[in-house]
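Engineer: Numbers 304 to 573, taken from this note's numbering, label the letters of the sequence shown in order.
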Amino acid sequence: FPGAIVGDGNRSVFFDTTTRTEIPFNPALNPPNTQPFTVEAWLYPSSDQSVGGMSPLANRYTQGADRQGWVFFQRKPNADYSEGEPVGWNCRMFRGSGGSSGLDVTSLVPFEVGKWQHVVVVYDPVEVTNATLTIYINGVAANTNIWTGGGDGVTPGYAPCTGDHDPGEAVNGQPALAIGNYNNANSSLNPWFGAADEFAFYSTKLTPAQILDHYQNGTNASRTVPYANLIQSHNPAVYLRLDEIAPSADTAINMGDLRNAGLASHTAEV
């Protein structure tokens, strides 16, 4: 699928609800909750279906009794939709206590179906019981939530995936980081219909100036520094350009009401 970076022929990946991209469990992508981290991606929603919150990004463990990690959801595009969900992109963290969520932030910024948005979430544990979760849309901080220790005042608002679960419990393996769907360590799927590009995870806290610089570079066809070089200069733990050519037949993506029922595979010549 055409990529997000203006003036760059680099491709992106389109997820049609039948697949996902996964990075196997890696401690570098699951730092302890005492350390900050940043998640960054360009997202292209192709459906306005918000009920249930399709998941473009997921790094969550739910196969046991206690959930760990985090997950992103696509909520409703704007306030005109009748659903009770909030507007924009949502990042929800889990705190290792049953199915209870901890830190949770929603952008509250409208998005357009069929248009790229730059989405960044920064987790900043000033203390684990005084942590912040901030979401940036198109380079600008949109919303911040602060965790103050929960009901008892001492419980952290985030428990990272540990990757040490008993194989009898983790029947699908240790939790991977997934793009385009829930990851392997969930009992159900929540596929997303849209494109993703330039995914990056940093085991540090990007500054507001760095985040704005990423967005402005990605939307400036006259950039002096290639987008990939800029991202790599900030030392991501992982950076996926998501531009690999599919090894099988090309797929014609249906953007209409049929969604994946109207997809078709063709040879490259067609």
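All C-beta atoms, glycine included, are put in the ideal place defined by N, C-alpha and C.
1) Thinking C-alpha only, which one of Tyr-518, Phe-502, Val-309 is nearest Val-342?
2) Helix, strand or coil: how does DSSP classify Leu-332 here?
3) Kindly indicate which three-state DSSP category Pro-511 falls into: helix, strand or coil?
4) What do you get for Lys-379, buried or exposed, if any count of 16 or more other CB atoms within 10 angstroms of its CB means buried?
5) Would you tell me roughly how many angstroms separate the C-alpha atoms of Leu-509 and Phe-318, rounded to the nearest one?
6) Can you give me the Cβ contacts of Tyr-485 inside the same chain, cut-off strictly under 6 Å, excluding the 5 residues immediately before and after it?
7) Thinking Gly-460 and Gly-497 are a contact (beta carbons under 8 Å), I'd like their distance in whole angstroms, please.
8) Give the single residue among Ser-506, Glu-386, Asp-469 whose Cα lies nearest to the Cα of Gln-366.
9) Evaluate Asp-500 with the Cβ neighbour count: other Cβ atoms within 10 Å of its Cβ, from every protein chain shown; 16 or more gives buried, anything less gives exposed.
10) Beta strand (DSSP E) containing Leu-533: first to last residue?
11) Starting from Asn-362, follow the beta strand (DSSP E) in both directions and report where the run begins and ends.
12) For the beta strand (DSSP E) that Ser-491 lies in, which residues bound it at each end?
13) How long is the line joining the alpha carbons of Asn-489 and Ser-525, rounded to whole angstroms?
14) Could you give the DSSP three-state label for Gly-372: helix, strand or coil?
15) Use the C-beta contact count for Gly-456: other C-beta atoms within 10 angstroms, 16 or more gives buried, fewer gives exposed.
16) Among the residues of its own chain, which have a CB less than 7 Å from the CB of Asn-381, if the five just before and after it don't count?
17) In its own chain, which residues sit with a C-beta less than 8 Å from the C-beta of Asn-433, not counting the 5 before and 5 after it?
18) Could you tell me whether the Cβ of Thr-527 comes closer than 8 Å to any Cβ of chain D?
19) Might you give, ordered along the chain, the residues of its own chain that have their beta carbon closer than 6 Å to the beta carbon of Tyr-364, omitting 5 neighbours on each side?
20) Give the straight-line distance between the Cα atoms of Asn-475 and Val-316, rounded to the nearest whole angstrom.
21) If you measure between the beta carbons of Arg-395 and Phe-376, is that distance less than 8 Å?
22) Give the straight-line distance between the Cα atoms of Leu-346 and Ala-564, rounded to the nearest whole angstrom.
23) Alpha carbon to alpha carbon, how far is Pro-511 from Lys-418?
24) According to DSSP, simplified to helix, strand and coil, what is Tyr-518?
25) Leaving out the 5 sequence neighbours to the left and right, which residues in its chain are closer than 7 Å to Pro-348 when beta-carbon positions are compared?
26) Residues in the same chain with beta-carbon distance under 8 Å from Gly-483, minus the five sequence neighbours each way, listed in chain order, please.
27) How close, in whole Å, do the beta carbons of Gly-521 and Ile-308 come, if the pair is a contact with beta carbons under 8 Å?
28) Whose CA, out of Ala-368, Ala-481, Glu-472, lies closest to the CA of Leu-543?
Structural biologist: According to the structure shown:
1) Taking only the C-alpha atoms, the option nearest Val-342 is Phe-502.
2) Secondary structure of Leu-332 (DSSP, three-state): helix.
3) Residue state for Pro-511 is assigned as helix, using DSSP reduced to three classes.
4) Classification for Lys-379: buried.
5) Straight-line Cα distance between these residues: approximately 27 Å.
6) Cβ within range, chain order: Ser-358, Ala-361, Leu-492, Asn-493.
7) About 28 Å; that fails the 8 Å criterion.
8) If we check each option's Cα against that of Gln-366, Asp-469 comes out closest.
9) So Asp-500 ends up on the buried side.
10) Note, Leu-533: premise wrong, no beta strand (DSSP E); alpha helix (DSSP H) at 530-535.
11) From DSSP, the beta strand (DSSP E) with Asn-362 extends over 360-364.
12) Unbroken run through Ser-491: none, as it is neither H nor E.
13) Rounded to whole angstroms, Asn-489 and Ser-525 show a C-alpha spacing of 43 Å.
14) In the structure shown, Gly-372 sits in a strand (DSSP, three-state: E or B).
15) Using a 10 angstroms sphere on the CB of Gly-456, the tally of other CB atoms stays under 16, which defines it as exposed.
16) The residues are Val-390, Pro-413.
17) Taking C-beta separations shorter than 8 Å and ignoring five residues to either side along the sequence, the partners of Asn-433 in its chain run Ile-449, Trp-450, Thr-451, Gly-452, following chain order.
18) Judged by its chain identifiers, the structure shown contains no chain D, having just a single protein chain.
19) Same-chain partners within the cutoff: Gln-371, Gly-372, Cys-464, Pro-478, Ala-488.
20) Distance from the CA atom of Asn-475 to the CA atom of Val-316, rounded to whole angstroms, is 24 Å.
21) With respect to Phe-376, Arg-395 sits close: the two C-beta atoms are nearer than 8 Å.
22) Their backbone Cα atoms lie some 22 Å apart in a straight line.
23) If you take the alpha carbons of Pro-511 and Lys-418, they lie about 23 Å apart.
24) Helix at Tyr-518.
25) Counting only Cβ-Cβ distances below 7 Å, and skipping sequence neighbours, we find Gln-377, Phe-414, Val-416, Gly-497.
26) Around Gly-483: Val-316, Phe-318, Thr-322, Arg-323, Thr-324, Pro-359, Pro-494, Trp-495, Ala-499.
27) Correct: roughly 5 Å between the Cβ atoms.
28) For Leu-543, the nearest C-alpha among the options comes from Ala-481.
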